[in-house]
DNA sequence: CAGTGGTCTAGACCACAAA
DNA sequence: TTGTGGTCTAGACCACTGA
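Protein chains in written order, with my numbering: chain A, 1 to 235; chain R, 1001 to 1235.
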C-alpha cells in the first residue's frame, strides 16, 4: 500500500502527477510553500522536502524571492540512454519483444561482487533473455541486480522496465552508467540463441548502471547479432 | 568571509576537512547526529542538512538504525566522451601511432555528399590509415573531409590533430558528433591490414562530426580489431 | 514594500539494526 | 532493548525579488 510511504513522497507523487496531467504547465508558478503546506495539511519543512525531491529531478525550479516554477522538461533520453533496447527498436519502427531464458536468485560471482559493489553474503537477481525486433533475434543478455534493490517488486515490474520501476515506484534516482563495447566471434551457444553461424561477428556490450548516489544497481552483459544491430550515439 | 555562509555549509566543510585530514578514516562510524548536533551547537535538523550534502557527494554513507560512515572514495572522473583514438590509447598506458596508407583529393561519393552535406562540384580530402597501440595494429580508418574546410593547412596539421587545428588555427568551434557502432566479420583486406584472419570479428564505427554551427566537417569509417579494442562510454 | 524561498530551532514519534 | 537515522511539527528570522 502507498499509505505507508512518507508524507513528503506522497506529496511529491501528487504534484508530479498534477504536472503530468497538465494542471500545472511548463513555466507556471506554483503556490508558495506556505500556501501548499496549508493545502496539504503539513508543516512547511515537510512540504519543502517534497519540493526538494522534485527540484532534484529537474521537474521544478526554485527561484529565491520569486517562487517555484515548473521547469521545462528536458530530454527523457537520460532515463533510458543509449542502451534501452526497446526504445531503439521502436524508434526504428519495429516491435520489440523478449523471451526470458532464466530468472533466479543466487549468490554473486566475483566479477558481479566487484561491479555491483556487493559482499558475498548478499544475493543477486539474475536474468537471461533473448531480445527480438519483429521476432528476429537481436541480442542475448545477462542482467544481474542486487536483490535488495528489487525486493518487493513483481517480476513484471522488473523485466518490463526496471528503470521506470525504480524511479516511479522505488523512488530511486537513476544516475550515470559506464559501458564498454567490443566485438568477438559468436560461440556455439550464442549462435544458437541468435540464429547465427558459430564464428559470426557479435557486438558485446558490458554495462554497469548507477543511481544518482553512485550505488550500482545493474550489471548487464549483452551480445548483439553484429549484422542486425547498430548503436547510435550522439556526443 | 566564511562567516556569512549558512551554518550547515560550514559544518559540511569542517567534516569534509576532518576526513581529508585523516581524523575520520574510510569505514569509520561518525558520532550520531544527536551527538554531532550538540558538538556543533546546532539543532539536529541543521546538522542533518550538513550530513545530507556530504552523503549526496558520496563522502558519507548513512545506514538506518546503524550510523553514519565514511564512504570508500570512488573517484574515477568521467573519461570524456571523446572518441579520440590517441587519447584512449594513451589513457590505457600505451603509445599511439599511425601509418598513412592514402592521402588524396577527389570528388565525393554519394554517401559522402550526403553525410558531409556537399554538392558534387565540391572536393574532399580523403585519408586512409592504420592506427597502432604500441605497434600493434588496432584500427583501419577512412576519413573524408570537405577540402574547403582544410585548404591552407599542412598535411601534418590535418593528420596529427584535425580538431585542434580547426579550433586553434581555423577558429572553428567543434560541436557534436553522431556515431553508429556495429560488428562484422573481417574482409580479406581488413584482415591483412589488422593482422587478423579473414572472418574474425571486427568493430565498425561510423562517425560524422559537426562544428557548433551544425556544419559537418568529417566523416570517418573505422574498423577495429574486435579482440584488441574496447570502447568505453559514460552516459 | 510585501511575498518568496533559504535557513534554523527544539522538540517529537517512527522503523530499523545490532546487541 | 537501546541507539540509530528517517520523518515531521509549528514556529522563527534572514536575504532576495518584484511591484
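No residue lacks a Cβ here, since even glycine has one placed at the ideal position from N, Cα and C.
Bear in mind that the values here come from a model prediction, so they are computed numbers and not experimental data.
For a contact defined as C-beta to C-beta under 7 Å, what are the partners of residue i on chain R?
| i | result |
| --- | --- |
| residue 200 (chain A) | 1185 |
What does the Cβ neighbour count give for residue i, buried or exposed, with the cut at 16 atoms within 10 Å?
| i | result |
| --- | --- |
| residue 245 (chain A) | The question about residue 245 (chain A) has no answer, for chain A in this structure spans 1 to 235. |
| residue 37 (chain A) | buried |
| residue 149 (chain A) | buried |
| residue 200 (chain A) | buried |
| residue 1226 (chain R) | buried |
| residue 15 (chain A) | buried |
| residue 132 (chain A) | buried |
| residue 31 (chain A) | exposed |
| residue 182 (chain A) | buried |
| residue 193 (chain A) | buried |
| residue 59 (chain A) | buried |
| residue 237 (chain A) | As displayed, chain A neither begins before 1 nor continues past 235, which places residue 237 (chain A) out of reach and without an answer. |
| residue 241 (chain A) | Residue 241 (chain A) lies beyond the range of chain A shown here (1 to 235); nothing can be said about it. |
| residue 64 (chain A) | exposed |
| residue 202 (chain A) | buried |
| residue 23 (chain A) | exposed |
| residue 1009 (chain R) | exposed |
| residue 101 (chain A) | exposed |
| residue 1076 (chain R) | Annotation note: pLDDT 35 at residue 1076 (chain R) (below 50); position unreliable, coordinate value reported separately. Looking at its Cβ environment, which holds fewer than 16 other Cβ atoms inside 10 Å, residue 1076 (chain R) is exposed. |
Name the chain A residues whose beta carbon is nearer than 9 Å to that of residue i?
| i | result |
| --- | --- |
| residue 1203 (chain R) | 181, 182, 183, 201, 203 and 226 |
| residue 1033 (chain R) | The contacting residues do not exist; residue 1033 (chain R) stays about 16 Å from chain A at best. |
| residue 1232 (chain R) | 178, 179, 180 and 181 |
For residue i, which three-state DSSP category applies?
| i | result |
| --- | --- |
| residue 120 (chain A) | coil |
| residue 55 (chain A) | helix |
| residue 1203 (chain R) | strand |
| residue 154 (chain A) | coil |
| residue 1128 (chain R) | strand |
| residue 229 (chain A) | coil |
| residue 238 (chain A) | The displayed coordinates of chain A run from 1 to 235. Any statement about residue 238 (chain A) would go beyond what the structure contains. |
| residue 1133 (chain R) | strand |
| residue 1048 (chain R) | helix |
| residue 1191 (chain R) | helix |
| residue 162 (chain A) | helix |
| residue 14 (chain A) | helix |
| residue 29 (chain A) | strand |
| residue 1086 (chain R) | helix |
| residue 1007 (chain R) | helix |
| residue 19 (chain A) | helix |
| residue 1180 (chain R) | strand |
| residue 97 (chain A) | strand |
| residue 66 (chain A) | coil |
| residue 34 (chain A) | helix |
| residue 106 (chain A) | strand |
For residue i, which residues in the same chain have their Cβ closer than 6 Å to its Cβ, ignoring the five residues on either side in sequence?
| i | result |
| --- | --- |
| residue 127 (chain A) | 103 and 143 |
| residue 1188 (chain R) | 1198 |
| residue 229 (chain A) | 138 |
| residue 1208 (chain R) | 1115, 1178, 1216 and 1219 |
| residue 1158 (chain R) | 1150 |
| residue 1221 (chain R) | 1142 and 1206 |
| residue 1204 (chain R) | 1182, 1184 and 1223 |
| residue 236 (chain A) | Within the shown structure, residues of chain A are numbered from 1 to 235, placing residue 236 (chain A) beyond reach of any answer. |
| residue 26 (chain A) | 70 and 72 |
Which residues of chain A have a Cβ atom closer than 8 Å to the Cβ of residue i, listed in chain order?
| i | result |
| --- | --- |
| residue 1229 (chain R) | 182 |
For residue i, which residues from the same chain have a beta carbon less than 7 Å from its beta carbon, with the 5 sequence-adjacent residues on both sides left out?
| i | result |
| --- | --- |
| residue 34 (chain A) | 44 |
| residue 1012 (chain R) | 1050, 1053 and 1054 |
| residue 211 (chain A) | 172, 173, 174, 175 and 217 |
| residue 90 (chain A) | 96 |
| residue 195 (chain A) | 137 |
| residue 1048 (chain R) | 1033 |
To which residues of the same chain is residue i closer than 8 Å at the C-beta, ignoring the five residues directly before and after it?
| i | result |
| --- | --- |
| residue 1106 (chain R) | 1123, 1124 and 1126 |
| residue 1118 (chain R) | 1108, 1112, 1124 and 1146 |
| residue 1028 (chain R) | 1069 and 1070 |
| residue 153 (chain A) | 165, 169 and 170 |
| residue 1120 (chain R) | 1107, 1108 and 1113 |
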